[in-house]
Amino acid sequence: MSRDSLVIFLVAGEPSGDVLGGRLMMALNDATGGAVTFRGVGGPAMQAQGLKSLFPMSELSIMGLIEILPHARKLFGRMRETAAAIDAVQPDALVTIDAPAFAHGVAKRIQDAQIPRIHYVAPQLWAWRPWRVHKFRRHFDHLLALLPFESDWFAQRAVDCRFVGHPAVGIEIGIAAGADFRARHGLDADETVICVLPGSRQGEVTRLAGAFGETLQRLQIRYPGLVAVIPTVPNVANLVREKFNPIPFRKIIVEDVEEKYPAMAASNVGIAASGTVTLELAMARVPYVVAYKLTSATYWLTKALVRVPYANLINLILDREVVPECLQTRCRPEILFAHVCRLLDSDGAAQVESMQPALKAMGLGGPSPSERAAAAVLEIIQAARY
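Counting in the numbering used here, the sequence shown runs from 4 upward without gaps.
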């Protein structure tokens, strides 16, 4: 089909994927001089780069083996709708971003076998259910990986996988941004600030808010004047206010996504749900504790299948627990409190320095991960044409 510019169809299914998609779109625009058109499904970050989402991305932000069941019928319908749109558009490439269940559901329903199918963010098959690599090979042609060891793991299993680096190492969070944030919010330079990140999904916030809230109350007794800064995202902002506003401690709930990194930079310590935000805290040189809770049924199903010793990527790459992990039954206020106190009193600086080798292994330095991902997508499209 003859046309003046490339057409790339992107599909993101949750906020972290939307941010990845937005950065990838920006890098593709830069690399092509704007000679690219985007179609697909995405959230605010991708829409800011010109995407008109086929339907609200928030419908796809569901996590957990059990939680997804009540929404299955609607999700299957959205898979069919997305696949039909891809066949109608006939893009130069399909790029699905994380959200593997939805991505697989879309990819296998596409009728046009000539469209290169690229998945961005390797499924963690090295951690659990490695036999599912056969399913990946059936549905996708190429894989863009965030972690340094993933390219070899997938290559050994006949998957074309390219390491592009983790997006968190491409962000710049300067000390000045933290000082400016404090000035905007009336915080003195010597006030102790804790960055609280309870998750970007409804279930995460619901399950973590109680333990996080009680931890903060204990910390305010130990550290009078402590201020909690709570960055959130639009799809859970109301729930975050509902859960944290009634708890009596000094707090600043940050709903502007542009304020998230300055809020991190302004913080002395962090407590965060497991996920990309933990690497962002590391990039901001903020020592932190990671926490997570699943529903009981999902936890036991997951526990039986997981094959890695750590949940946090820093720990996984370094093969030791540099960042304290408070998962499931260990996600309790007294345990969180003890870890945060140690970071504030003595261990914080050492943790920050210990995390640096892991960040370098994930691509810190050189071209940004988004630039490398864009170059890989364009290379794949070029190869498919000849």
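Cβ coordinates follow ideal geometry from the N, Cα and C atoms, glycine included.
Hey, quick one: how far does the beta strand (DSSP E) through G43 stretch, first residue to last?
V39 to V44
If you run the structure through DSSP and keep just helix, strand and coil, what is E374?
helix
Can you tell me whether H137 is buried or exposed? The criterion is at least 16 other CB atoms within 10 Å of its CB, across all chains shown.
H137 is exposed by the Cβ-count criterion.
Just grab the DSSP bridge partners of Y123 for me.
I100 and L147
Pair every Cβ in the segment 183-191 with every Cβ in the segment 286-293, then say whether three or more of these pairs are closer than 8 Å.
no
Just how far apart, CA to CA, sit G202 and D33?
31 Å
Chain-order list of residues whose beta-carbon lies under 8 Å from that of G228 (same chain, five-residue window excluded):
If you ignore the 5 residues before and after G228, its C-beta comes within less than 8 Å of the C-beta of E194, T195 and R253, all in its own chain and listed in chain order.
Keeping to the same chain, check which residues put their C-beta closer than 6 Å to that of A376; ignore five residues upstream and five downstream.
L27, L147 and V167.
Tell me whether G37 is buried or exposed, calling it buried when 16 or more other Cβ atoms sit within 10 Å of its Cβ.
With fewer than 16 other Cβ atoms within 10 Å, it is exposed.
Straight-line Cα distance separating D191 from E57
Note that residue 57 is Leu in the sequence shown, not Glu. Those two C-alpha atoms are separated by around 45 Å.
Contacting residues, own chain, Cβ-Cβ under 7 Å from M4 (five flanking each side not counted)
The predicted model places M4 with a pLDDT of 47, which falls under 50 and marks its position as unreliable; any figure quoted below should be read in that light. Hits under 7 Å: Q93.
Spatially closest choice to P251 from F105, V109 and F215, by CA coordinates:
F215
Exposed or buried, K79, counting other C-beta atoms within 10 Å across all chains shown (16 or more means buried)?
The residue you asked about is not Lys; residue 79 is Phe in the sequence shown. Flag for F79 reads exposed.
If distances are taken between C-alpha atoms only, which option among E261, T301, I320 and W303 comes closest to L282?
Closest by alpha carbon: I320.
Reduced DSSP secondary structure (H/G/I, E/B, other) of F166
strand
Keeping to the same chain, check which residues put their C-beta closer than 8 Å to that of I174; ignore five residues upstream and five downstream.
Y264, E283 and M286
K296, buried or exposed, once every other Cβ within 10 Å from all chains shown has been counted against 16:
buried
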